[in-house]
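A short write-up of the structure that comes next.
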Amino acid sequence: MDKAVDTAPSPLEAHKRNLLGALLRLATIKRQTVDVAVVRDTVDAVPGVDAAGNIKAVCTQLAIQSPVFKKSPQQLVAPFLAILPGPDVAVVAGQVDGVHWTLGRYASDGAFTETTIDAFEPGTSFVGIEYQSNIPLRRSHTFKLIVGELLSQRRPIFEVALAGIFMMFLAVSVSLFSIQVYDRVIPSSAQATLLVLASGAFLALIFELLLKFARSGVVEKLTDSVDINLARSVMARFLGVRFDKLPASVGSATQVLKGYETVRGFLVSFLTMCTVDMPVAIFLLGLVFLIGGQLALIPAAFFGVGLVLAVFFHRRLTVLAGLSQNAHSRKTGILVESVEAAETLKSNNARWRVLSQWVSTTNSARDIDNQLKHVSENAQYILLLFQQISYISLISVGALQVIQGNLTIGSVIGCSILSGRILTPISQIPSLMINWAHAKMALKSLESYWNLPQENEGETTSYSERLRGPIELTRVPSLRVNTGERVGLVGPVGSGKSSLIRLLLGLIGAEQGKVQIGHLSIATLDRVALARDIGYVSQEARLISGTIRDNLILGMPDPGEARIADACALTGVTDYIIGPSPKGLETAINESGAGLSGGQKQLIHLTRALLKQPSILLLDEPTASLDGGLEQRVIDALGQYCEKNPETILVVASHRPKVFGLVNRLIVVTNGEISMDDTRDAVLARIAPGTERPTV
């Protein structure tokens with residue numbers, strides 16, 4: 001009898017499979033992009049079963065922030081990794097009801113199991129990973145954009161600096177007033193001199209207040225000027241991202257796109273400190289040296305201590321700011337999902353699931369924000385203590401100097417007043433540190449979005465007066481659609497029909513080869529030309545907020561009332577949407593077309609496609625939500641358009657037999673490949689023998 005072969009993997013091999021699965025699943029749950037090949041190669045090369053060390057090695061190879069391991073899951077925002085005794089690496093998705101943890105892990109055979117536990121085993125450690133590269137500021141496109149935009153506003157910056165200089169001189173007046181009063185007025189009982197000095201000091205304070213108001217207005221103007229251009233640049237960059245590379249999470253995208261405001265706010269505050277507060281502090285420090293000599297060493301020493309303290313707290317604030325950003329992104333994502341999927345959640349009584357996620361994420365976000373506030377407050381309290389110690393030290397040392405006859409009482413009082421002004425910028429450091437921590441996280445996220453592939457990236461854009469056929473895929477010789485040809489796409493659910501239509505439209509890129517329209521690569525064609533000459537109707541039929549008119553003429557010059565009315569009457573929009581509404585074309589439409597049925601949305605999309613008078617029509621299930629009578633009406637409208645425009649290319653994907661009356665050629669798509677391509681009747685005879693041939 002043959003001896004059975006032991007197929008069980010070695011402990012190291014089992015650890016590699018478990019670790020690889022956990023790392024990739026964490027990236028999937030967090031909806032963050034990761035280089036799978038780098039992760040797999042790094043895990044394959046690990047020498048031993050050391051989960052913590054191997055995770056650090058992966059992070060090093062991915063050039064991302066080195067992970068910090070925690071002893072309590074409460075210190076992290078889910079999802080994160082748990083290193084269990086063994087060691088197995090599991091993915092912690094979160095808490096179900098605020099008590100139980102959802103834990104998932106991969107077995108050595110690749111099977112994934114998910115369980116719910118009350119508490120973790122003793123010795124378990126936890127680690128969160130952010131799959132985003134640490135990009136130096138000098139190489140960050142977004143940082144250069146924001147700084148460049150800020151520095152381009154030279155006049156407002158000059159005005160802020162000029163106001164700071166005048167405020168600096170006015171700030172000296174109170175100190176000089178004190179010196180003169182204690183050293184000259186009081187000894188000589190010069191009341192008239194006191195009146196003149198006090199009047200001058202009051203005027204100086206009023207002018208300083210007016211300058212502060214003026215500076216605030218200039219800073220606001222500076223912020224507005226920068227924001228106008230930044231908002232346009234950031235959104236234009238995001239809108240130019242290739243469709244297949246857009247972020248999957250709406251909540252994360254919302255938080256990231258708002259990040260430039262955080263960076264801009266920090267830089268404006270930092271610029272104000274550098275151009276006003278710091279120069280004033282240095283000038284006043286020099287003045288204290290002229291008045292009190294070695295007394296200047298006391299505020300100078302505490303000034304340096306304050307800067308060291310800022311560096312000490314900076315790392316902790318940066319970590320907490322990253323966790324806070326992730327938590328608030330998840331909150332926004334849950335909120336958006338609960339609104340968009342309200343019908344599904346209510347019909348399946350799944351509100352408890354969203355509520356549980358919301359409460360758990362909100363609690364985590366609040367805990368992190370509290371930690372952030374505590375660190376900031378601690379820094380603030382310590383700096384305030386240093387200011388008080390500095391004041392007491394300066395008065396004490398000054399008193400000794402007065403006793404020894406080296407200084408006057410007025411000089412000591414004046415130096416003490418100036419000392420408070422010197423240390424004022426230091427008191428602003430905690431809030432500035434928090435803003436910088438948030439700005440760094442925002443920059444990192446913005447940079448990851450900025451680096452997403454753009455349309456026509458790396459290609460020389462071609463211009464075409466009018467797009468014409470043929471349409472062809474260079475690596476699929478059988479797929480060539482000639483001018484005037486009408487092609488139908490058929491295949492099972494998930495076979496790739498929609499992907500093929502998006503490929504022909506240029507929304508997604510080809511994995512190999514390229515798509516050509518009129519012998520021009522679609523990668524070189526401008527999106528304006530593609531949108532102008534291609535009428536596209538998608539399955540989802542989403543609308544934008546506005547009016548019916550806004551949605552009908554979206555992205556095109558207003559074709560005029562007559563053409564809009566004719567197109568609406570032809571497709572049924574007049575009878576089924578505009579007619580019942582007293583406002584007609586001005587009827588308001590909410591976000592995503594809420595309030596309209598799926599069929600009504602499809603009619604608006606079809607009407608828009610025909611209003612363009614396109615040379616190419618790409619339709620993805622255009623009648624899926626229409627009843628029989630309305631479906632026939634739409635088919636007739638499409639048939640009439642193609643007859644009037646015989647050079648128009650029509651490509652339509654559908655499961656409805658009536659639609660195939662429009663086409664003379666059928667392509668069967670299976671598992672992302674073309675399995676059959678022939679005339680309509682020949683294909684129908686092979687896939688459904690005896691079926692009555694559709695006609696228009």
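Numbering-wise (the UniProt record's numbering), the sequence shown opens with residue 1 and increments by one. By construction, the Cβ of each residue, glycine as well, lies at the ideal position given by its N, Cα and C atoms. These numbers were taken from a predicted model, which means no experiment stands behind them.
If you reduce the DSSP assignment to three classes, tell me which class residue i lands in.
i: D88; result: strand
i: T332; result: helix
i: K612; result: coil
i: V696; result: Its pLDDT being 48, under 50, V696 is placed unreliably in this model, and the value from its coordinates should be taken loosely. Here V696 sits in coil by DSSP.
i: G572; result: coil
i: A119; result: coil
i: V263; result: helix
i: G420; result: helix
i: R680; result: helix
i: V5; result: The predicted position of V5 is uncertain, since its pLDDT is 46 and thus under 50; a value taken from the coordinates is nonetheless stated next. In the structure shown, V5 sits in coil (DSSP, three-state: anything other than H, G, I, E or B).
i: T460; result: Caution applies to T460, whose pLDDT of 47 falls short of 50 and renders its modelled position unreliable; the value that the coordinates give is listed next. Note: T460 maps to coil in three-state DSSP.
i: L20; result: helix
i: T42; result: helix
i: R542; result: coil
i: R480; result: strand
i: I553; result: coil
i: I548; result: helix
i: I64; result: strand
i: I508; result: coil
i: V49; result: coil
i: T408; result: coil
i: L162; result: helix
i: A190; result: coil
i: A442; result: helix
i: P425; result: helix
i: P11; result: helix
i: R686; result: helix
i: S269; result: helix
i: P657; result: helix
To which residues does DSSP link residue i through a beta bridge?
i: F80; result: V92
i: T670; result: E673
i: K70; result: F126
i: S521; result: Q516
i: Y106; result: F112
i: Q454; result: V241
i: I534; result: I616
i: R665; result: V487 and T679
i: I589; result: G546
i: W101; result: Q95 and I117
What is the residue span of the beta strand (DSSP E) that residue i lies within?
i: V127; result: S125 to V127
i: L473; result: I471 to L473
i: R486; result: R486 to V490
i: A653; result: I649 to A653
Does the distance between the C-beta of residue i and the nearest non-hydrogen atom of the ligand MG fall short of 8 Å?
i: L84; result: This structure lacks the ligand MG, and indeed carries no ligand of any kind.
If you follow the alpha helix (DSSP H) that residue i is in, where does it begin and where does it stop?
i: T182; result: Position check: residue 182 holds Tyr in this sequence, whereas Thr was assumed. Segment: none, Y182 is in no alpha helix (DSSP H) and carries neither H nor E.
i: Y641; result: G628 to K644
i: K144; result: H141 to L151
i: A281; result: M278 to G292
Are three or more beta carbon pairs between the stretch 388-408 and the stretch 355-374 nearer than 8 Å? Cβ pair count under 8 Å is below three, so no.
Using 8 Å as the threshold, is the stretch 630-645 in touch with the stretch 548-555, meaning 3 or more CB pairs across them? Verdict: no, contact absent.
Only counting runs of 3 or more residues, tell me where the beta strand (DSSP E) segments fall wholly within the stretch 311-380, in order along the chain. Inside the stretch 311-380, DSSP marks no whole beta strand (DSSP E) run of 3 or more residues.
Below 8 Å, how does it come out for the stretch 146-153 and the stretch 262-280: are there three or more Cβ pairs, yes or no? They touch, by the three-pair rule.
Does the stretch 502-521 come close enough to the stretch 574-589 to have 3 or more Cβ pairs within less than 8 Å? The way I'd put it, the stretch 502-521 doesn't touch the stretch 574-589; fewer than three beta-carbon pairs between them come closer than 8 Å.
Check whether the stretch 186-202 touches the stretch 417-429, counting contact only when three or more Cβ pairs, one atom from each stretch, lie closer than 8 Å. With the rule of 3 Cβ pairs closer than 8 Å, the stretch 186-202 does not count as touching the stretch 417-429.
Say whether the stretch 319-331 touches the stretch 431-443, bearing in mind that this needs 3 or more beta-carbon pairs closer than 8 Å, one atom from each stretch. With the cut-off at 8 Å, the stretch 319-331 and the stretch 431-443 touch.
Given 8 Å as the limit, is there contact between the stretch 560-579 and the stretch 529-544, that is, 3 or more CB pairs closer than that? By the criterion of at least three beta-carbon pairs nearer than 8 Å, the stretch 560-579 is not in contact with the stretch 529-544.
Any contact of the stretch 657-673 with the stretch 476-494, i.e. 3+ C-beta pairs under 8 Å? Using a Cβ-Cβ distance cut-off of 8 Å, the stretch 657-673 and the stretch 476-494 are in contact, since at least three pairs of beta carbons, one from each stretch, lie closer than that value.
Quick test of the definition: if touching needs 3 or more C-beta pairs under 8 Å, does the stretch 202-221 touch the stretch 157-177? Counting C-beta pairs with one atom in each stretch, the stretch 202-221 and the stretch 157-177 have three or more that are closer than 8 Å, which means they touch.
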